[in-house]
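Undergrad: Residue numbers (the working numbering): 92 to 358.
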């Protein structure tokens with residue numbers, strides 16, 4: 092899981108903890124998804140009839156942003172994934188590739204959509220990244236996409252079984268074990284126990300099925316650059332075709348799984 096996606100997920104989860112329960116649980120800057128970020132701010136474009144549109148900073152950190160949203164009537168946050176094309180899994184290693192993850196801010200009669208943009212500051216050594224969340228869509232119809240968690244879990248299990256079998260036969264044992272481990276996580280009583288971001292979400296706000304789905308999808312997210320699942324090809328046309336079809340389907344189900352697990356919290 093990329094740092095950008097992890098931070099977006101965390102912001103949605105802890106944002107709902109604040110908006111619904113008025114709790115922040117020392118989210119920022121302590122949360123591990125901010126460990127490489129020097130700044131995290133939130134901006135929008137202020138439009139005017141008589142002057143040039145101006146970008147303004149509405150919050151200098153996530154906690155301020157939660158306050159800003161609450162003050163303006165935001166009821167809850169939701170994850171929204173927008174696919175760019177059928178081969179998102181191939182472009183996921185590149186900046187701007189792999190589809191886009193938005194934070195949907197849900198109000199009574201509409202939703203705003205925010206998306207993050209990370210910039211690397213070479214002048215800063217310890218925490219070189221500067222994250223800016225910008226409001227990209229204002230007052231849109233509410234989407235609040237929700238899927239059936241159990242159905243999505245079953246879909247993920249099926250594709251993991253297929254791709255694990257393929258991996259054992261056509262690649263290395265290591266890839267097969269990765270997919271097999273991801274599948275086993277779907278049945279684990281403590282699915283988050285060995286995950287890097289131990290504070291990724293407010294775990295208590297999600298059912299076991301949600302946590303299993305999220306952690307399994309995260310472990311199966313093997314798409315990236317050199318040395319990743321993307322970085323291989325097969326001489327036999329039939330094998331290459333099967334590899335492409337399985338990879339494409341796995342990526343789609345993973346994206347759906349992440350959305351589903353986060354958007355059906357119990358609070």
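All C-beta atoms in this analysis are idealised placements derived from N, C-alpha and C, irrespective of residue type, glycine included.
Where in the region 131-169 do unbroken runs of the alpha helix (DSSP H), each at least 4 residues long, occur, reported from the N-terminal end onward?
TA: 153-162
Undergrad: Please report the straight-line C-alpha distance between residue 300 and residue 268, rounded to a whole angstrom.
TA: One-based indexing of the chain shown puts residue 300 at position 209. One-based indexing of the chain shown puts residue 268 at position 177. Residue 300 and residue 268: Cα-Cα distance of roughly 22 Å.
Undergrad: Is there contact here, the region 196-216 with the region 227-235, by at least three beta-carbon pairs under 8 Å?
TA: yes
Undergrad: Can you check which of these residues, 225, 278, 326, is closest to residue 195 by C-alpha distance?
TA: As a first step, residue 195 must be located in the chain shown, where it is residue number 104. Checked all of 225, 278, 326; the closest Cα to residue 195 is 225.
Undergrad: Throw me the rounded Cβ distance for the residue 277 and residue 247 pair, which I believe falls under 8 Å.
TA: By 1-based counting over the chain shown, the position of residue 277 is 186. By 1-based counting over the chain shown, the position of residue 247 is 156. At roughly 7 Å, the Cβ-Cβ gap stays under 8 Å, so residue 277 and residue 247 are in contact.
Undergrad: In angstroms, rounded to a whole number, what distance separates the CA positions of residue 358 and residue 142?
TA: The count along the chain shown starts at 1 and reaches residue 358 at position 267. The count along the chain shown starts at 1 and reaches residue 142 at position 51. Cα to Cα, residue 358 sits roughly 43 Å from residue 142.
Undergrad: Please check the pair residue 345 and residue 170, which I expect to be a contact at CB under 8 Å, by giving their CB distance rounded to whole angstroms.
TA: Here residue 345 corresponds to residue number 254 of the chain shown, with the count starting at 1. Here residue 170 corresponds to residue number 79 of the chain shown, with the count starting at 1. Rounded, the Cβ-Cβ distance is 13 Å, inconsistent with contact.
Undergrad: Hey, out of 146, 336, 132, 137, whose CA is closest to residue 396's CA?
TA: Shown here, the chain extends from 92 to 358; a query on residue 396 therefore has no answer.
Undergrad: From what residue to what residue does the alpha helix (DSSP H) around residue 246 run?
TA: Here residue 246 is taken as the residue at index 155 of the chain shown, counted from 1. Residues 240-261.
Undergrad: Would you kindly report the start and end of the unbroken alpha helix (DSSP H) that includes residue 197?
TA: As a first step, residue 197 must be located in the chain shown, where it is residue number 106. Looking at the DSSP string, residue 197 is not in any alpha helix (DSSP H); the run it does join, the beta strand (DSSP E), is 191-197.
Undergrad: Going by alpha carbons, who is nearest to residue 228 out of 310, 309, 197?
TA: Walking along the chain shown from the start, residue 228 turns up at place 137. If we check each option's Cα against that of residue 228, 197 comes out closest.
Undergrad: With distances taken Cα to Cα, identify the nearest neighbour of residue 266 among 112, 189, 124, 319.
TA: The sequence position of residue 266 within the chain shown is 175, counting from 1. Closest by alpha carbon: 319.
Undergrad: With respect to the alpha helix (DSSP H) encompassing residue 222, which residues constitute its N-terminal and C-terminal limits?
TA: The residue you call residue 222 lines up with position 131 of the chain shown. Not the alpha helix (DSSP H): residue 222 falls in the beta strand (DSSP E), residues 220-231.
Undergrad: Note down the Cα distance separating residue 128 from residue 264, rounded to an integer number of angstroms.
TA: Mapped onto the chain shown, residue 128 falls at position 37. Mapped onto the chain shown, residue 264 falls at position 173. The alpha-carbon atoms of residue 128 and residue 264 are separated by roughly 36 Å.
Undergrad: Is the CB-CB distance between residue 150 and residue 124 below 7 Å?
TA: By 1-based counting over the chain shown, the position of residue 150 is 59. By 1-based counting over the chain shown, the position of residue 124 is 33. Judged by beta-carbon spacing, residue 124 lies beyond the 7 Å limit of residue 150, meaning their Cβ atoms are not closer than that value.
Undergrad: Would DSSP call residue 210 helix, strand or coil?
TA: As a working note, residue 210 is residue 119 in the chain shown. Residue 210 falls in the strand class under three-state DSSP.
Undergrad: Grab the span of the alpha helix (DSSP H) containing residue 270 for me, first residue to last.
TA: Counting from 1 along the chain shown, the entry for residue 270 is found at position 179. Note, residue 270: alpha helix (DSSP H), 264-276.
Undergrad: Using 8 Å for Cβ pairs, my map puts residue 118 next to residue 95. What's the rounded Cβ distance?
TA: Position 27 of the chain shown, counting from 1, holds the residue named residue 118. Position 4 of the chain shown, counting from 1, holds the residue named residue 95. About 17 Å; that fails the 8 Å criterion.
Undergrad: Exposed or buried, which one is residue 189 when buried takes at least 16 other CB atoms within 10 Å?
TA: Locating residue 189 in the chain shown gives position 98, where the first residue counts as 1. That one is buried.
Undergrad: Return the CA-CA distance between residue 303 and residue 273, expressed in angstroms with no decimal places.
TA: Residue 303 sits at position 212 when you count from the first residue of the chain shown. Residue 273 sits at position 182 when you count from the first residue of the chain shown. Taking the straight line from one Cα to the other gives about 9 Å.
Undergrad: What are the partner residues of residue 173, as DSSP defines its beta bridges?
TA: Position 82 of the chain shown holds residue 173. Paired residue(s): 191.
Undergrad: I need the boundaries of the alpha helix (DSSP H) containing residue 107, first residue and last residue.
TA: Position 16 of the chain shown, counted from the first residue, corresponds to residue 107. Run containing residue 107: 94-112, per the alpha helix (DSSP H) assignment.
Undergrad: If you draw a straight line from the C-alpha of residue 252 to the C-alpha of residue 288, how long is it?
TA: Taking the first residue of the chain shown as position 1, residue 252 is located at position 161. Taking the first residue of the chain shown as position 1, residue 288 is located at position 197. Answer to the nearest angstrom: the Cα atoms are 26 Å apart.
Undergrad: What is the residue span of the alpha helix (DSSP H) that residue 354 lies within?
TA: Counting from 1 along the chain shown, the entry for residue 354 is found at position 263. Segment 328-354, the alpha helix (DSSP H) holding residue 354.
Undergrad: Grouping DSSP H, G and I as helix and E and B as strand, with all else coil, what is residue 307?
TA: Position 216 of the chain shown holds residue 307. Three-state DSSP puts residue 307 in a helix.
Undergrad: Could you please give the first and the last residue of the uninterrupted alpha helix (DSSP H) stretch that includes residue 236?
TA: Residue mapping note: residue 236 aligns to position 145 of the chain shown, counting from 1. No alpha helix (DSSP H) holds residue 236; DSSP gives it neither H nor E.
Undergrad: Starting from the Cα of residue 243, find the closest Cα among 214, 260, 261, 307 and give me that residue.
TA: The count along the chain shown starts at 1 and reaches residue 243 at position 152. With distances taken between Cα atoms, residue 243 lies closest to 307.
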